[in-house]
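Be aware that the sequence shown starts at 16, since it is given in our numbering, and climbs by one per residue.
Using N, Cα and C, we set each Cβ at its ideal position, and we do this for glycine too.
These notes are about the structure you will find just below.
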Amino acid sequence: TQLKLFRSSFLDFIDDPFYESEETSVRYLADGLLVVESGIIIDFDDYNILKDKYQGFTITHYPDLLILPGFIDTHIHFPQTEMIASYGEQLLEWLNQYTFPIERKFSSKEYAQKIASFFLDELLKNGTTTALVFATVFPQSVDAFFEEAYRRNLRMISGKVMMDSHAPDYLKDTPETSYQDSKRLIQTWHKKGRLLYAITPRFAITSSREQLKIAGKLLTEFPDVYLQTHLSENLKEVEFVAGLFPEAPNYLGVYDQAGLVGERSIFAHSIHLTPDEFKRLSEAKSAIAFCPTSNLFLGSGLFKLHQAKSKTHPINVGLGSDIGAGTSFSLLQTANEAYKVAQLQNQTLSPFQALFLATLGGAKALKLEDKIGNFDIGKEADFIVLDYNSTPLMRLINQQISEPQTRLKIAETIFSLIILGDDRAIQATYIMGERAYSKE
Ligand code: GUN
Ligand code: FE
């Protein structure tokens, strides 16, 4: 069999730096070698330790660059790609005025295919190799997305939006059609290649009690699929939900009563949670997708990351771009705004913590830490080659920091990469050891 070898500096995480020291959770190899066989990592260590073992093999060498695990985006809407930067509204008006009319276009499978293809190219260009993706209410939009992701051999999770209430008729399904369509899509796509399915009720406002129950029924029938939805993003939304579901103790309780709060459930935003809701998410081992660019763009609020990552009630958190309420496909830019959201609450988010959220943290949120998220042997070789000197300004700043050879210096370099970097810093993206994107 053919081996693929990559030599460069490498950075990944072997533990959660929110709970363990950065000393023990960060793994940095100034000169490392990654060995891939049939898409899987079979060896990873210092170049000097491995070089004799792999004498004679061709090595792809990236000097002066940095290899990271591929970024993991835990919340994004592929059909909203063309509506980024829609002006002037907050969540509920933004949905009615901009989002629903755009999603209507995805009743055309051909159109969905075109946007899915653009979207996946954009993810790879930004170094994102796995994402948890909303499609639309139209099952053909899910087929189109999965077909394009399958052709690219990507590890992607997606699902058909379920929505039968408080939306235009052209975008509504019914509990029965949403059940039948979701079931057919699960049987077609879940575990096909690297693809996985997520049951996707849009949020509590757009699903009836009956439909939420149906979503719960699907989860019991297919216990290894995911559940993705939105939770407590906007104060008017929270108030609306309280009026619609007076029997529920809080917003999360609406989902809980339908059996939707479990280990494979990922709740986007979760900004205005009560301590009880944080506690319940922790108990249930559910995850939160933190979407800072979206939360600032829509004026939704400041996510309490440090409450989610508390020692007493720890919750898995990943980063989400939330395109098209989010403003950048780049998880570097998303981490940049995550840092600022922490600053506004007098908290700090360290460069390594931010990078963890974009990599192993995302993998843990998606319960995929046995497959992706770092360079452990046996994992899938999805990784990115970064140029931390990708602009003249970054080069100037890094010269001032001096050569990034020590752990302390690499932290400063990572921070400048997060604050100043974007798609220009992504030199190449590899999927299962194969180059899928190259800047040149
Ligand atoms: N809540 C319900 N639907 C959406 C959506 O499409 N985007 C965001 N940001 N929040 C939502
Ligand atoms: Fe969203």
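Cβ shell of residue i (< 6 Å), same chain only, five flanking positions each side left out
i, result
"Tyr77", "Ser23 and Val400"
"Gly274", "Gly231"
"Asp158", "none"
"Asp196", "Pro154 and Lys175"
"Trp204", "Phe161, Leu210 and Tyr212"
"Lys124", "Gln155 and Ala159"
"Phe121", "Pro94, Ala127, Thr151, Phe153 and Ser156"
Burial state of residue i, where buried means 16 or more other Cβ atoms lie within 10 Å
i, result
"Leu135", "buried"
"Gly71", "exposed"
"Gly393", "exposed"
"Tyr266", "buried"
"Ser53", "exposed"
"Tyr403", "buried"
"Lys319", "buried"
"Ser36", "exposed"
"Ile29", "exposed"
"Ser156", "buried"
"Pro216", "buried"
"Leu411", "exposed"
"Thr73", "exposed"
"Gly436", "buried"
Cβ neighbours of residue i in the same chain (closer than 7 Å, five flanking residues each side left out)
i, result
"Ile456", "In the structure as shown, the chain begins at 16 and stops at 455. Residue 456 is therefore absent and cannot be evaluated."
"Ala182", "Phe115 and Thr221"
"Phe390", "Phe25, Asp27, Leu49, Ile56, Phe59 and Pro84"
"Thr466", "Because the chain is modelled from 16 through 455, residue 466 falls outside the range shown and cannot be assessed."
"Thr428", "Tyr403, Asn413, Ile416 and Pro419"
Nearest-angstrom Cβ-Cβ length linking residue i and residue j, presumed shorter than 8 Å
i, j, result
"Gln105", "Leu313", "5 Å"
"Ser301", "Val269", "Incorrect: roughly 14 Å between the Cβ atoms, too far for contact."
"Leu107", "Asn249", "7 Å"
"Phe367", "Thr143", "In fact, because the Cβ distance is near 19 Å, the residues do not count as touching under 8 Å."
"Asn168", "Met447", "6 Å"
"Lys324", "Phe33", "4 Å"
"Ile433", "Leu347", "6 Å"
First through last residue of the beta strand (DSSP E) which encompasses residue i
i, result
"Val148", "Thr143 to Phe149"
"Asp27", "Leu18 to Phe28"
"Ile303", "Ala302 to Phe305"
Other residues of its chain near residue i: CB distance less than 8 Å, five sequence neighbours each side excluded
i, result
"Asp14", "Missing from the structure shown is residue 14; the chain here goes from 16 to 455 and no further."
"Lys379", "Asp31, Ala302, Asn331, Gly333 and Gly388"
"Lys294", "His328"
"Glu496", "Missing from the structure shown is residue 496; the chain here goes from 16 to 455 and no further."
"Trp109", "Ser101, Leu313 and Ala340"
"Arg170", "Thr144, Thr145, Arg209, Leu210, Leu211, Leu383, Lys386, Ile387, Glu395 and Asp397"
Residue i: first and last residue of the uninterrupted alpha helix (DSSP H) it sits in
i, result
"Met409", "Pro407 to Ile416"
"Ser173", "Run containing Ser173: none in the alpha helix (DSSP H); it sits in the beta strand (DSSP E), Arg170 to Gly174."
"Pro116", "Phe115 to Arg119"
"Arg166", "Pro154 to Arg166"
"Leu139", "Lys124 to Lys140"
In chain order, each alpha helix (DSSP H) run of at least 4 residues that lies wholly inside the segment 199 to 276:
You should have 224 to 236, 250 to 259 and 266 to 272.
Can you list the alpha helix (DSSP H) stretches of 4 or more residues lying completely in the segment 39 to 65, in chain order?
Entirely contained in the segment 39 to 65, the alpha helix (DSSP H) runs reaching 4 residues are, in chain order, 62 to 65.
Threshold first: 3 residues or longer. Then list the beta strand (DSSP E) segments lying entirely within the segment 324 to 400, N to C.
Taken in chain order, the complete beta strand (DSSP E) segments of 3 or more residues contained in the segment 324 to 400 are 331 to 334.
Beta strand (DSSP E) runs wholly inside the segment 62 to 94, at least 3 long, in chain order:
The beta strand (DSSP E) runs lying completely inside the segment 62 to 94 and spanning 3 residues or more are 74 to 84 and 86 to 92, given in chain order.
Would you list, in sequence order, the uninterrupted beta strand (DSSP E) runs of no fewer than 3 residues that lie entirely inside the segment 418 to 449?
Scanning the segment 418 to 449 for uninterrupted beta strand (DSSP E) segments of 3 residues or longer gives 441 to 446, listed from N- to C-terminal end.
Threshold first: 3 residues or longer. Then list the beta strand (DSSP E) segments lying entirely within the segment 274 to 298, N to C.
Secondary structure within the segment 274 to 298: the beta strand (DSSP E) runs of 3 or more consecutive residues, fully enclosed, are 280 to 284 (chain order).
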